[in-house]
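Input: a single structure, listed below in structure tokens.
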């Protein structure tokens, strides 16, 4: 029986299914409408449409938005927090800052767990880990009984300084489990064992509130797949760029917050490296939003400063992705100052753009592209037909008449504003981080990424745009390219000059033992385990740290400090090599290698394809007679010059006038923006 691998990426508009043949590397795709009320229905619908035999599937990987959507909508079960007496309001005080300091009327959202469900017990550990006051077990048991009566679905335990001594937190968990054995309990010393109580408390709180939602969803999906014949573990993509099993999800549910957007960044990195571009920018434009990521020297940027709602950080390591409200369904509108805006408001999946014929009358990016001739009259292989007359009416009503513009001028204005918004997002992740976009390739994918990618690249002087073979399901492909991965860490606060290499080596050894145990529980063979060390350091007096790679055996602290100086200079454009350095935290990324099928490679033979048809397409205020190609008719080595449109089942590619395009050996289309 032919073995296949299946990856699923759930988006706001479509659910994408990517099926790979293990022997040949051939990929086929399926798109089905998302079902926001229960994403599992869309997944099973797509599997049915694709006629996938689950008994022949060797790996099923899934990027899910369940945790993200639960936090955004706050459709969460009742959860509780148990804190050290006097510290129940740490998550509400936060850092006493705001996303917009000058907006008097915009308040930071309330914590995920309200104050009435944040209870306290007497206990205290000092900053050195000494127990100043043992846990009041009688009080702890009273708290457990109160929470049992309230019927909470999960509990977070967050005690002061537990990152250096977790005994009191662990005992509190034991007491809670005695009273409520079936309720998940997250303790901060295991979820995020580091200093800065707000970040530790916030991460633990987020983990607790999404745990019942995510575990229920994962359990139901696992059972449904098993009923269909799937015999392996379901793999869930997490924000760090790896996958985790349902067993790990029970303990670290919040790692799935942002799961879906990480898939695109992983795929972008893979495709960039495949095409010979270790420096690449992921540009994932869908129906509602655009996700931008950066890969430098073959590796994605990792951050721990991220959140779903401002004020409540989730400090698990995550691929850095910037999301903005710019997609095919983004609405054009006129602001109070009389300027044309685009998004972040969106027509969504229903009613969608005006040309979808579902009742929306406000112009969107999709409508503008239809008016300009850049989009044809159907999407998703004919599942959605587009009405050009409705698109024209919406553009006239929304932009042309209010701004006294000609129809095509108005449509192009809509796309230019959208392109400027997306170019600014790329600048934030590249130029503001010290990277020059001219040294990168832009990997454009998502349902609308290839429509806008060349224009965005031209605005940023990016020389090459890569459009993968199946841009609309590239995020799903990313789910096939990952390994089982977990991140372990522990505090190690010491001046570099006073640090004994043997003590540092012992600290790494302790967490590496935990890492191997976790991978072993998930069925990873010892020879498939890969442990990568890093250490976070800072100049003394700083409170923000930088991570640098650490060798497999620590022999010299000086080598680590030299690496830190270099990292600091790259990140901030200066280094203080004469300043004392402090060590902050040790970390290990534990990877369980999953065998990966290779993408097929074909011999490229230079050729100039004949377009299947031609149509009028507008660029820069002029109508052009553009060549229209079907992508499945383009062979490796094909090359042509714009204006041209390449149509396929899951996306449309726009090659502006004067730009040169070619198909490489992996069937990617490379657009050279300088002709």
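In the working numbering, the protein residues as written are 708 to 1382.
C-beta atoms are modelled at their ideal positions from N, C-alpha and C, and glycine is treated no differently.
The structure displayed is predicted, hence computed values, not measured ones.
Residues of the same chain with a CB within less than 8 Å of the CB of residue 844, apart from the 5 flanking positions on each side, are 878 and 882 in chain order.
Beta-carbon to beta-carbon, residue 870 and residue 1198 are separated by about 5 Å, close enough to satisfy the 8 Å threshold. With contacts defined by Cβ atoms closer than 8 Å, residue 1018 and residue 815 form a contacting pair.
For residue 840, the uninterrupted beta strand (DSSP E) segment begins and ends at 838 to 840. Per the DSSP secondary-structure output, residue 893 pairs in a beta bridge with 863.
Cα atoms of residue 1330 and residue 1321: separation of roughly 12 Å, rounded to the nearest angstrom. Apart from sequence neighbours up to five positions away, the residues of its chain that approach residue 1023 with a beta-carbon distance below 6 Å are 962, ordered along the chain.
Rounded to the nearest whole angstrom, the C-alpha separation of residue 1191 and residue 807 is 38 Å. Shown here, residue 886 sits in a helix according to DSSP, grouped into three states. One Cα belongs to residue 1006, the other to residue 985, and the distance between them is close to 8 Å. For residue 1177, the closest C-alpha among the options 1151, 1223 and 1168 is that of 1151. With contacts defined as CB atoms closer than 8 Å, residue 766 and residue 928 fail to qualify as a contacting pair. In the three-state scheme derived from DSSP, where H, G and I count as helix and E and B as strand, residue 954 is classed as helix. When only Cα atoms are considered, residue 942 and residue 890 end up about 23 Å apart. Counting only runs of 3+ residues, the beta strand (DSSP E) found wholly inside the segment 1274 to 1321 occupies 1288 to 1299, in chain order. Using a 10 angstroms sphere on the CB of residue 1281, the tally of other CB atoms stays under 16, which defines it as exposed.
One thing to note: residue 1375 has its Cβ no nearer than 8 Å to the Cβ of residue 1345.
Less than 8 Å divides the Cβ of residue 1295 from the Cβ of residue 1238. Secondary-structure assignment with DSSP links residue 1014 through a beta bridge to 1020. Here the alpha carbons of residue 812 and residue 1014 stand approximately 21 Å from one another. Counting along the chain, the unbroken alpha helix (DSSP H) around residue 966 starts and ends at 966 to 981.
By the Cβ rule, the segment 976 to 994 counts as touching the segment 1181 to 1189, because three or more pairs are nearer than 8 Å. When Cβ pairs closer than 8 Å are counted between the two stretches, the segment 1045 to 1053 is seen not to touch the segment 1089 to 1101, the count staying below three. Taking 8 Å as the cut-off, the beta carbon of residue 781 is found no closer than this to the beta carbon of residue 859. Secondary structure note for residue 1201: its beta strand (DSSP E) is the uninterrupted segment 1191 to 1202. Burial is judged here by how many other beta carbons sit within 10 angstroms of a residue's own beta carbon; residue 1244 has at least 16 and is buried. Shown here, residue 1247 sits in coil according to DSSP, grouped into three states, outside any helix or strand. Residues of the same chain with a CB within less than 7 Å of the CB of residue 1075, apart from the 5 flanking positions on each side, are 1102, 1118, 1121 and 1122 in chain order. DSSP, read as helix, strand or coil, puts residue 1007 in strand. For residue 770, the enclosing beta strand (DSSP E) begins and ends at 764 to 770. For residue 1377, the beta-bridge partners assigned by DSSP are 1173 and 1369. According to the DSSP assignment, residue 1346 belongs to the beta strand (DSSP E) that extends over 1346 to 1348. When DSSP states are grouped into helix, strand and coil, residue 1081 belongs to the coil group.
Straight through space, the alpha carbons of residue 1264 and residue 1071 are spaced by roughly 56 Å. Around residue 1222, the same chain offers 1193, 1195, 1238, 1295 and 1297 as residues with beta carbons nearer than 7 Å, after the five sequence neighbours per side are excluded. Here DSSP, grouped into helix, strand and coil, assigns residue 1331 to strand.
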